[in-house]
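Enquirer:
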Amino acid sequence: MWKYEVLGLFYGTSPDAAQSMGMILKLVNAENTIEVGVFTGYSLLLTALTIPDDGKITATDIYRRTYDEIGLPIIKKAGVEHKIDFIEAPALPVLDKLLEDPEKVGRFDFGFVDADKGNYWNYHERLANLVKVGGVIIYDNTLWEGFVALPEEYFSEEERITRKDMIE
Ligand SMILES: C[S@@+](CC[C@H](N)C(=O)[O-])C[C@H]1O[C@@H](n2cnc3c(N)ncnc32)[C@H](O)[C@@H]1O
Numbered sequence: 194m195w196k197y198e199v200l201g202l203f204y205g206t207s208p209d210a211a212q213s214m215g216m217i218l219k220l221v222n223a224e225n226t227i228e229v230g231v232f233t234g235y236s237l238l239l240t241a242l243t244i245p246d247d248g249k250i251t252a253t254d255i256y257r258r259t260y261d262e263i264g265l266p267i268i269k270k271a272g273v274e275h276k277i278d279f280i281e282a283p284a285l286p287v288l289d290k291l292l293e294d295p296e297k298v299g300r301f302d303f304g305f306v307d308a309d310k311g312n313y314w315n316y317h318e319r320l321a322n323l324v325k326v327g328g329v330i331i332y333d334n335t336l337w338e339g340f341v342a343l344p345e346e347y348f349s350e351e352e353r354i355t356r357k358d359m360i361e
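Okay, so the sequence shown: first residue is 194 according to this note's numbering, each after it adds one.
(1) Given that a residue counts as buried once 16 or more other Cβ atoms are within 10 Å of its Cβ, and exposed if not, what is Y260?
(2) Please list the terminal residues of the continuous beta strand (DSSP E) segment that includes N225.
(3) At what residues does the alpha helix (DSSP H) containing D209 begin and finish?
(4) For A308, collect the residues of the same chain with a Cβ closer than 7 Å to its Cβ; drop the 5 residues on either side in sequence, then sort them by chain order.
(5) Taking just the CA atoms, how far does E345 sit from E351?
(6) Taking 7 Å as the cut-off, is the C-beta of V231 nearer than that to any heavy atom in ligand 1?
(7) Starting from the Cα of L288, find the closest Cα among L320, I268, K310 and give me that residue.
(8) With burial defined as no fewer than 16 other Cβ atoms inside 10 Å of the residue's Cβ, what is the status of A342: buried or exposed?
(9) Do the stretch 267-284 and the stretch 234-252 touch if we need at least three Cβ pairs shorter than 8 Å?
(10) Using DSSP with H/G/I as helix, E/B as strand and the rest coil, what is Y197?
(11) Does the beta-carbon distance from A175 to V221 come in below 8 Å?
(12) In the DSSP assignment, what residue or residues form a beta bridge with D254?
(13) Starting from the C-beta of Y186, find all residues in its chain whose C-beta is less than 7 Å away, skip the five residues before and the five after it, and write them out in chain order.
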């Protein structure tokens, strides 16, 4: 029996993808970042360890428990909790709120999206304005285990929706 309702529904970023992300964070000298989809906080920890001590991450997830109980103790142990502003909420209104603040528009160096695939395009519209020119936005699952390259008829109706979202 799972202790957490969402374990088994989501996966953390793979270690090799996270290491690549760490390299990109360093290449763009990221200090101020946004993360959409935290889960246990693996990619969040990686980001927090990579950005400078006075760096900031605005992180959002609709569900907080896996972060609080699994990731946060490790993040505290690593001494990087002060860099994280975790917002428990659906990401879209959070991004819209950030866009209302002129201090936030174009001020982020980096964005990482790893949440509900149906909203990726909506996230992109917002993040394109929040992340500065020359910054980087990374979307997890864009190749979706190669599924985006296979013909539609291989997939169930539900999978077709995700495939279409990822191709877009
Ligand atoms: C694949 S997991 C994130 C993994 C995480 N980036 C890591 O590396 O460990 C996806 C997460 O997106 C969250 N999520 C789903 N829909 C969301 C939404 N509309 N807004 C914010 N987070 C959402 C889920 O609760 C889940 O924790």
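Cβ coordinates follow ideal geometry from the N, Cα and C atoms, glycine included.
Expert: Walking through what the data contain:
(1) buried
(2) 225-229
(3) 208-220
(4) V229, G230, A284
(5) 11 Å
(6) yes
(7) L320
(8) With fewer than 16 other beta carbons inside 10 angstroms of its own, A342 counts as exposed.
(9) yes
(10) coil
(11) Only positions 194 to 361 of the chain appear in the structure, and residue 175 is not among them; the question remains open.
(12) E281
(13) This structure gives no information on residue 186, because the portion of the chain shown stretches from 194 to 361.
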